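Here the protein sequences come in this chain order: Y, H and B.
Numbering of the first sequence is given in our numbering, commencing with residue 5 and proceeding in unit increments.
Numbering of the second sequence is given in our numbering, commencing with residue 1475 and proceeding in unit increments.
Numbering of the third sequence is given in our numbering, commencing with residue 184 and proceeding in unit increments.
Single-structure report; data block below.
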Amino acid sequence: MSTLDKAHTSTRPVPNPKRSLITRLHMGTGVVVGIIIAAIAYYLLKHSVLTYTDGVADPLEPHSNNIVLLGTMFAWSIGFMAGIGAFIGPWRWLIGKDLTDEEILYMAGDGQGVKRYFKYCTDHKVVGIQYLVGVMTLLGVGGTMAMMIRTNLARPGGHFVTATVYNSLVGLHGITMIIAMIIVATGPFGNYVMPIMIGAYDMAFPRLNALSWWVLFTAIPVLCSAWFLGGIPTGWTAYAPLSVQAGPGMNAFIATIIIFAVSTAVAGMNITTTVIAMRTKGMKWNRVPIFVVGSTISVALAIPAFPTFMVAMIMTGLDRTYNTGFFDANMGGSGWLYANLFWIMGHPEVYVILIPGVAALMEIVPVFVRKPLFSYNAAIMGFAGIAGLSILVWAHHMYIAGWAPSLNGAFMVTTEMISIPTGLLFLVLIGTLWRGKPWMKLPMLSVFAFIWDFLIGGITGIYLSDVPADGYLHGSMFVTAHFHFTLMGAALTGAIGGLAYWFPKMTGRMLDEKAGYISFWFVQIGFNVLFFGMFMAGAEGQPRRVMDYAAMFKNSNLVSTIGAYSVGTGMIILLWAVIHSSRHGKVAPMNPWGAKTLEWTVPYPVPLTNFDELPVITSDPYGYGKGK
Amino acid sequence: MSHDTQFHVHHDSDAAVGRRERLGVRLLIVADGSFLFSMIFSYFYLRNLNTGGNWLPKGVKHYTPSSAWQVAIPFVIAAICHRLGQENKERRNLTSIATLIVLLVGGYLQWKQMAHMPFLLKDDGGVVTFNGAYASNWVLMAGTGIFHYFLGAFIALGILIRNRTTNVSHELDVWRQRTAQSWFTWCAIAAVLTAFTLSIV
Amino acid sequence: MANSSEHTPEVLAPTPGERLTNFFKRKDVRRTTIHFFLWTALFVVLGLVYYPRWMPEIMSKEMKSAESIMIWFTVISAPIAGIVLAIASNSFMNMHRGDTPPEDGPAIRTHGPIVAIWTVGSLVFALVAIGWGLIEVNSQAVAAARDAKSAITVEVTGSQWLWTFNYPAQGIETHNLNLPVGVPVIFDVKSADVNHSFWPVQLGVKVDANAQVTTVIYTTPTKVGAIDVKCAELCGLYHAYMETDGAVMSQSDFDAWVLAQGGHKA
């Protein structure tokens, strides 16, 4: 409802809204209330729905058990949100007692130091840091699972983990990484940097901003609980009917996705509204920094995309709890319905992941090459073209599903067409590099890595989208390698470049360069070795998601595992560098890279309201270069 | 982290805040629209596949289309009621009560239909089963209807209370009436689309 | 205007040909060109050498078509990859190090013809890929329709974690997939439980197995040899072990095998 404004003549102390519940709530109360509500829900559900045979709960009746577990998980999420104070705003609106200015200031975390990171804090910079820590945690957890998968696959016949654990590792690695990658750039940078880049005091809906983070936070313990409930056997795609028949761990997956979908819808709507409605004076659409454009297109694409996944998960949940028959062929349902709903979300989603990463690198290149971004319009057409086409290509994941072979040709056409806007993205990058002398700092290294990785991912994507080749390659390790090249090699590299670039603004210190370089080469060389091996295994005919393989695949898998350990080493070094530099790194000047976007015009720590006076923009931020 | 300076809350103009809020709600409507699209897609997809001839419940009297319209009409009335009081604070005292009552009645009707659905099977142990894919789709759409009714009633109650209090910004609330109108209109459209879908058995 | 005639040679705008020559005389352009050839060659070699080495023996037309798409699309995209990587690698080698930013480069905001050529180029590239794919898909469908009469049918059932092959005309049921060479075959695939994906690897085709519905793929084995059958859709605990083998054999060997299994000649 309001943003915050700096007052020049004020004598008020730290805001202290008297008798306001807000001052008493924080993450701790959230956890306590969440657990209490979850316990009550568990108790009530258990005694109302569990099936009893002769006074003993019937272990053969999984549906009731699923009701209890799903109900408990949602109760935890809602209880936590109540306990941290998320519902105070709506409640006060309902009873007609709007939040006072002091309460709003208090909720923005004014003058509360480190404590505000553990509160329902509406300051976009706090939310950005919360997202950064959350993303790094998820990437760490997902990466550890990847290391365990590769360890198991190092030699044929490896039994480092059991089959149940292996399948859970594959599925949970997948979903953890997908969630992490969806928020990896738009979470930390979209929240911390983007409002400053467009010259805004705050996000359009600060309370919803806090909501999107804390809702996501409640999903993390739910996802982790899958391990204690027997894991998930389905992979991250959770295809029905396997997911319907799966054990209790599947409930954790379903609850996580539904909670995450709420978070994404709220965050996407918030960022989109902020960019549309809160750009500062003079920031016309052709002067908006390209990272802002890319992130906005990405989250705006997520708004309609994720509800289809949410519906698919609700249906899975209903099939598992109330015996509906959405995906059960014996009851008139079909697994193809799930696959369709899933991929209608699934393909836009990979571009939701990719676009902000590319956009971050496009923000970086002009600064380090000291040249204007080559063809701003082509970049926007590239993003918009990708976003538009991505809605029409979902069934290329289902060429061999047999549901509509006659449509394969049509989907092949739309899919191959994506290479045109993708080509524009490459053109923008190499056009900016052309005749430039790149300043070889950490962020710039990521640009080169991105170009190589995304090129490989793109070319292999061209054959995967051709139906006859997909007939051989679908479901093989080749696909796994392909999408890791696009999601990890391209999008994660872009996000790491963004981290190195915006680190000084977010922490006030420079990222340790030496550690950064070492990490970069460990990760990039390891990554290419890892997925070169996986391309090889896939071309040789190894299916994906297998815990064991024939002896003929042993060389390619060993290569992959060696590469994986190198990536792991590099990531640990990067993690160390981030943690160490944020505390002891060299203190950063206000504008260490000499960039022209607005976030570099504010000091560190960034004042609560970002700007003393909102800046007025007269040109786009790419006015580098001489001549012409 | 210390702040040398103090801050106070900055209020943008009511029109700016109001437009922003309405844009946000419309974006959420896009998300809800996608949700509705997925359900309608599923309905026609499964109806078309009719796997094993199990689309309609076997041996059970099935749902009549008129009941689907029964729960859609309150949404339409609520949207019209809200529209009548949207620009007029005095009239809103009356229309907001009407909106709330209509939504509660609609929610009750929907609830009653769910509790007495003819294709719901319950065995001795209390295990619930839905007979056929049509029933599955129906129950999901009905659940979404309940959610819309609940949310609508919350908004209508808030409008009712706020219209009678003096300490809120009524200039901003004028904009919020328009924002709420977007939501109520959407709910009516969604309910009609749902009823239309369910009519094609 | 009168005195400009003295300087005519200098003032005359260079012809497009001259501009092109001058362009390629520039040092950075020459270096980029060398990089371009190196990168292009790398991708051509990757495509032509590695895929045939990695991929299993080609035992059907479908497999041949999959492999040629992988090889030739790599070769076709090699020049595009070459341009992108050449500019990137040349720029990388031209790096500036140190703690201060380099001097500003030329302020090239955009270049209409380049953007247009690039877009048209990628459109042509996409159309080639689409055309190639559509022709292949169509010819496979035509072949399947033509061969349907002379084909043998194999009913494939996937169940957790076992493949079962039923030859209705021969009246046998086995867990090994044996096929006569040169005879078109129709696989009618279904599942007894969750989704599986039927993948006779060397035949280069694949289709999902679903409960209650039958999905169909066609192929014609063209060569005698061993085949592996795998499951390509995660189907639960022992997905990795849901595999079996079989062989493409001569018609007489196949008939003998059918008889040995207790079946009869179709």
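Ideal Cβ positions, reconstructed from N, Cα and C, are used throughout, including at glycine.
Treat the numbers as computed from the prediction; the structure is a model and nothing was measured.
Beta-carbon separation of residue i and residue j under 8 Å?
| i | j | result |
| --- | --- | --- |
| residue 378 of chain Y | residue 435 of chain Y | yes |
| residue 479 of chain Y | residue 356 of chain B | no |
| residue 512 of chain Y | residue 592 of chain Y | yes |
| residue 451 of chain Y | residue 365 of chain Y | yes |
| residue 361 of chain B | residue 432 of chain B | yes |
| residue 1607 of chain H | residue 337 of chain Y | yes |
| residue 230 of chain Y | residue 265 of chain Y | no |
| residue 204 of chain Y | residue 284 of chain Y | yes |
| residue 510 of chain Y | residue 183 of chain Y | no |
With 8 Å as the threshold, decide whether the Cβ of residue i is near any Cβ in chain Y.
| i | result |
| --- | --- |
| residue 1529 of chain H | yes |
| residue 424 of chain B | yes |
| residue 253 of chain B | yes |
| residue 1575 of chain H | no |
| residue 1635 of chain H | yes |
| residue 437 of chain B | no |
| residue 1489 of chain H | no |
| residue 449 of chain B | no |
| residue 1513 of chain H | yes |
| residue 1505 of chain H | yes |
Just reading off the beta strand (DSSP E) that residue i is part of, what are its end residues?
| i | result |
| --- | --- |
| residue 397 of chain Y | Counting along the chain, residue 397 of chain Y falls outside any beta strand (DSSP E), and DSSP gives it neither H nor E. |
| residue 429 of chain B | 427-432 |
| residue 1623 of chain H | That residue, residue 1623 of chain H, is in no beta strand (DSSP E); its alpha helix (DSSP H) goes 1606-1638. |
| residue 374 of chain B | 368-374 |
Taking DSSP as the reference, what is the three-state secondary structure of residue i?
| i | result |
| --- | --- |
| residue 1582 of chain H | helix |
| residue 1675 of chain H | coil |
| residue 437 of chain B | helix |
| residue 407 of chain Y | coil |
| residue 1555 of chain H | helix |
| residue 135 of chain B | No answer is possible for residue 135 of chain B: the residues shown for chain B start at 184 and end at 449. |
| residue 88 of chain Y | helix |
| residue 299 of chain Y | helix |
| residue 1660 of chain H | helix |
| residue 160 of chain Y | coil |
| residue 280 of chain B | coil |
Considering residue i, what are the terminal residues of the alpha helix (DSSP H) in which it resides?
| i | result |
| --- | --- |
| residue 135 of chain Y | 128-156 |
| residue 361 of chain Y | 339-373 |
| residue 1522 of chain H | 1488-1523 |
| residue 409 of chain B | Residue 409 of chain B -> not in any alpha helix (DSSP H); beta strand (DSSP E) instead, spanning 408-414. |
| residue 563 of chain Y | 558-588 |
| residue 436 of chain Y | 423-437 |
| residue 401 of chain B | Looking at the DSSP string, residue 401 of chain B is not in any alpha helix (DSSP H); the run it does join, the beta strand (DSSP E), is 398-402. |
Beta-carbon of residue i versus every beta-carbon of chain B: anything under 8 Å?
| i | result |
| --- | --- |
| residue 291 of chain Y | no |
| residue 168 of chain Y | yes |
| residue 117 of chain Y | no |
| residue 249 of chain Y | yes |
Quick check on residue i: buried or exposed, where buried means 16 or more other Cβ atoms within 10 Å of its Cβ?
| i | result |
| --- | --- |
| residue 318 of chain B | exposed |
| residue 250 of chain B | buried |
| residue 117 of chain Y | exposed |
| residue 587 of chain Y | exposed |
| residue 434 of chain B | exposed |
| residue 197 of chain Y | buried |
| residue 1518 of chain H | exposed |
| residue 282 of chain B | exposed |
| residue 389 of chain B | buried |
Using a Cβ-Cβ cut-off of 8 Å, state whether residue i counts as contacting chain H.
| i | result |
| --- | --- |
| residue 337 of chain Y | yes |
| residue 99 of chain Y | yes |
| residue 395 of chain Y | no |
| residue 430 of chain Y | no |
| residue 27 of chain Y | no |
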